[in-house]
Amino acid sequence: MNVSEQRYEPEPIETKWQRVWNEERTWEVANPGEPGSEGSKAKAYVLEMLPYPSGEPHVGHLKVYSVGDAVAHFRRRNGYEVIHPMGYDAFGLPAENHAIRTGEHPRASTERSIEEFREQFKRWGISIDWTREVSTHWPSYYRWTQWIFLRLYEQGLAYRSEAAVQWCPKDATVLANEQVVEGRCERCGTLVEPRRLKQWFFKITDYADRLLTDFDLLESWPENVVTMQRNWIGRSEGAEAIFRCAAVELDFEVFTTRPDTLFGATFFVLAPEHPEIERLIEGTDNVEEVREYVAAAMRASAEERGDEAREKTGVRIGRTVTNPVNGEEIPVYVADYVLMEYGTGAIMAVPAHDERDFEFATRFGLEIRPVVEPAEGAGGPSSDAGVPGGEAEDVPAPIGEAFLSHSENDRAINSAEFSGRPSPEVKREIVAWLQERDLGRPAVNYRLRDWLLSRQRYWGCPIPIIHCEACGIVPVPDEQLPVELPEVEEYQPKGKSPLEAANDWVETSCPSCEGPARRETDTMDTFVDSSWYFLRYLDPDNEERPFDREIADHWMPVDQYIGGVEHAILHLMYARFFVKALADGGYLDVQEPFTNLFTQGMITRDGAKMSKSKGNVVSPREYVERLGADTARTYICFMGPPERGGDWVDEGAEGVHRFLSRLWRLGVEVDERTEPGAELPSEPTGEVRELLAKAHWSIDKATRDFERGFQFNTVIAAVMELVNEAYRLKDGLFGSSEGDAALRFATATAASLIFPFAPHLGSEIWEMIEGGRVWEEPWPQADPTLLSRDTFTLVIQVNGKVRAKLEADSGLEGEELLALARAEEQVASHLDDKEIVKEIVVPGRLVNIVVR
RNA sequence: GCCGGGGUGACGGAACUGGUGAGACGUGGCCGACUUAAAAUCGGCUGCCCGCAAGGGCGUGGGGGUUCGAAUCCCUCCCCCGGCACCA
């Protein structure tokens, strides 16, 4: 038969191997102690972020799981026992909003999607241990979410409190700070409103320092993710100082990172939300003006208030407070540039050394008193640009960049006994001075606030708490878990949780006093569900505990975590917090869940984010049906470095399909025209050696690029080169036993190397040529004798310009290479009657002769 | 404004710790073979400019520097993407 007419048809090949993996349970791994556990192997936990099941999987899913699967396969074949599970983040708003629109129960639509996702993942041939599958909406899962909530409650890490919270009027629920982006609901884009409500919080702020210092325990996290979390936690060191208002006998604490500027505090500002304003204004002359200002500030949206470009506003309260360092009475203002959420909601204003205070002081004609002298010349040429001479027109001298910025070399001025001393010392000394007099102390402040976890929504994990008139807050006893989500008719949120309507469920008795009581009707933020799922995978059927400690200690931490950057702060920080809290409770050994993190970039189409309205959505299902899963997966990995994202181009996908077809036809032809068992020569020569050298070069290149990280595009390119080389040489090699053996080796090697990306085709060709299962084979090793060449291309430069090239023996060095170089005609002609200044020889590479 | 990432052919992207004449691999384009024809397949060419050619000149965002030698190191400027942003 004419082999060139063999067509690569992925469908039957892919179906065949998927059946094998399914029937033989190839990717299942046993826990330690169970039969089948391979205790002798090192473990590797490879995990991709679990999907939110909605509709069907999109290209983003295809990408994460293709990338993760390549990692999993590579690790397995390098001797690791790899655990690679899958699950679903099933609770959440989209399903509930769908229910509001259609009346269909969120469980029904969600479970339909889950089936679709599962079927697609299997169709893609992802190597998942399906026995470990979980979904966060299963009572058998959320029972343990509730259990963990109760343990955190016992540890003092979950509490209920009234707080100013961010309320999304459209979704009719409160949001975590992390879910508010530029003053808008992250999900629907509606402007959020402030509200005071009683809500449940996790005390993540207790872990602020550990969340920062434990970055040291991580091996490889993208720098930008670490930076984003650092900024989010926002640790600042400084001091608290007490400013007393004698008239109303109130002490106001302020936080500052610049205690060295205390002598420059010329006024004092409170945030409009500050709880003591009413007490302060009582009996003063402009009560009404202050009240009006406060009311206006409350009405203003976060967006309006956050606008930095806006002019500073504020009003004076007819009171003064005492500056603790010099006893000076300074006026008090209310201004909305001071935020209640950060620090104490009150600041000492040092206009000479703070831009915002400077702006405010300029506007209101307040004193600007420099107390720090910039280091001379320290700031470089820019620092004195137009400042000290007083030539600046309407800016009150001597303020400028030099005063606002500050450096280690600054000195205090106008600061009583501290004057003349270097700023860093003054900082410490003033704080010590305050502390001795009980007027202040060193302090650390964080931008991070506690995690608000209550949601006034239906489709989530119920908070396992009972409110008793007599006993107050009573945790649901463990043996009554799970608190199952009741059925309701109406999902529409009305500012209260839809669960309120489930009377039979809400009304209960107190576990403590047995009196009448009501259940908590809020549900948990879905980020709670996903903060521990990677632990449940390890022991998914445990009915005693969320997971067995020994099992968790065996598999944890996750060696490679893969997902989108959009979770850089939220999910990744919450999961870190949960793991630390669980470790503190004695349930777990590790301090960090994810040792290595990889964040993949987004795939676009025609340069734009895919969306239904643009009509540029790539459907993985369609491509997999048309070109096969192997092509879709390999193309995704070939597009470019996966962290960068890329543009989906149909021709590109077809190019990869063409390559896989070439490999397939090579396999068929080699299988038909050669006999198994042909021996490779021990000292290959000629074209046999060329092909073998290329094969070993590909092994070496692919292995190094795999180990370097996620350079999958160049791994695949190396296999393409090998296949191209086989095509170039095959007609000369068929027929001789050495040639046959070389072709068989090259083809099997290509199959073996492409397997992590195209597992079906890789398996099929390997079986054809070598027999057996490629995934049971160790990752191939390059033969160093075939990597080294006995000659190399010597490049000869004169004055850095290449003048000649020649093949030279690899052993040659120094003088020998120079002699060769000088003998070249092209070189000699450039050396004529010139003086040789210098000769550089890089053995194995080049010779450069410098002449004058 | 601050913090990260990036700027290389028509396009996606290669290039080990500065060392081949940068551009692997793929896409696209051009040419050829096979074919009645097309598709598929196989082979060749493809950074830009001048030249019939041999050959020469220019090229990794712009400018400057270090070096025998720079896409790679340093300074400076410009542009793009992502994050944070009145955080005291």
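When we follow the working numbering, the leftmost residue of the first sequence carries the number 216, and every step to the right adds one.
No residue lacks a Cβ here, since even glycine has one placed at the ideal position from N, Cα and C.
Keep in mind that this is a model prediction, so the values were computed, not measured.
Under the DSSP assignment, residue 328 falls in the alpha helix (DSSP H) whose first and last residues are 321–338.
Looking at the DSSP output, residue 501 shares a beta bridge with no other residue.
About 18 Å separates the beta carbons of residue 774 and residue 441, which is beyond the 8 Å limit, so they are not a contact pair. Contact between residue 663 and residue 389 fails: their C-beta atoms lie close to 18 Å from each other, not under 8 Å. Annotated three-state conformation of residue 223 is coil, per DSSP.
Between residue 1001 and residue 908, the CB-CB gap stays under 8 Å. The shortest CA-to-CA distance from residue 627 to any of 478, 672 and 949 is the one to 478. If you draw a 10 Å sphere on the C-beta of residue 1038, you find fewer than 16 other C-beta atoms in it, and that means exposed. The alpha-carbon separation between residue 646 and residue 350 amounts to approximately 53 Å. For residue 454, the secondary structure class from DSSP, reduced to helix, strand or coil, is strand. Looking from the CA of residue 947, the closest CA among 904, 965 and 923 belongs to 904. Taking C-beta separations shorter than 8 Å and ignoring five residues to either side along the sequence, the partners of residue 473 in its chain run 453, 565, 568, 569, 621 and 642, following chain order.
Where residue 482 is concerned, the enclosing beta strand (DSSP E) starts and stops at 482–485. The region 379–397 and the region 421–435 do not touch, with fewer than 3 CB-CB distances between them shorter than 8 Å. Just so you know, the alpha carbons of residue 995 and residue 295 end up roughly 15 Å apart. Partner residues in the beta bridge of residue 690, as assigned by DSSP, are 680.
Partner residues in a beta bridge of residue 972, as assigned by DSSP, do not exist. Beta-bridge partners assigned by DSSP to residue 665: none are found. The region 951–1017 contains, as complete beta strand (DSSP E) runs of 3+ residues, the segments 1006–1013 (chain order).
Note that the C-beta distance between residue 313 and residue 321 is below 8 Å.
Rounded to whole angstroms, the separation of the alpha carbons of residue 504 and residue 656 is 35 Å. Collapsing the DSSP output to three states places residue 582 in coil.
DSSP places residue 577 in the helix class (H, G or I) of the three-state scheme. Secondary-structure assignment with DSSP links residue 563 through a beta bridge to 483.
Under DSSP, residue 466 takes part in a beta bridge, and its partners are 459. By the Cβ test, the region 696–706 is in contact with the region 354–366, since at least three Cβ pairs between them sit closer than 8 Å. By the Cβ test, the region 910–922 is not in contact with the region 1006–1022, since fewer than three Cβ pairs between them sit closer than 8 Å. Assigned with DSSP and collapsed to three states, residue 780 falls in helix.
Close CB contacts of residue 786 within its chain, under the 7 Å cut and outside five residues either way in sequence, are with 742 and 745 (chain order). The three-state secondary structure of residue 432, taken from DSSP, is helix. The region 333–347 makes contact with the region 224–243: 3 or more CB pairs, one atom from each, lie closer than 8 Å.
In the three-state reduction of the DSSP assignment, residue 1064 falls in the strand class. By the C-beta density criterion, residue 257 is exposed, having fewer than 16 other C-beta atoms within 10 angstroms.
Annotated as distal: residue 768 and residue 754, with beta-carbon spacing of 8 Å or more. A straight-line Cα-Cα distance of about 9 Å links residue 377 and residue 415. Counting only unbroken stretches of 3 or more residues, the beta strand (DSSP E) elements lying wholly within the region 364–429 are 373–383, 388–390 and 408–417, in sequence order.
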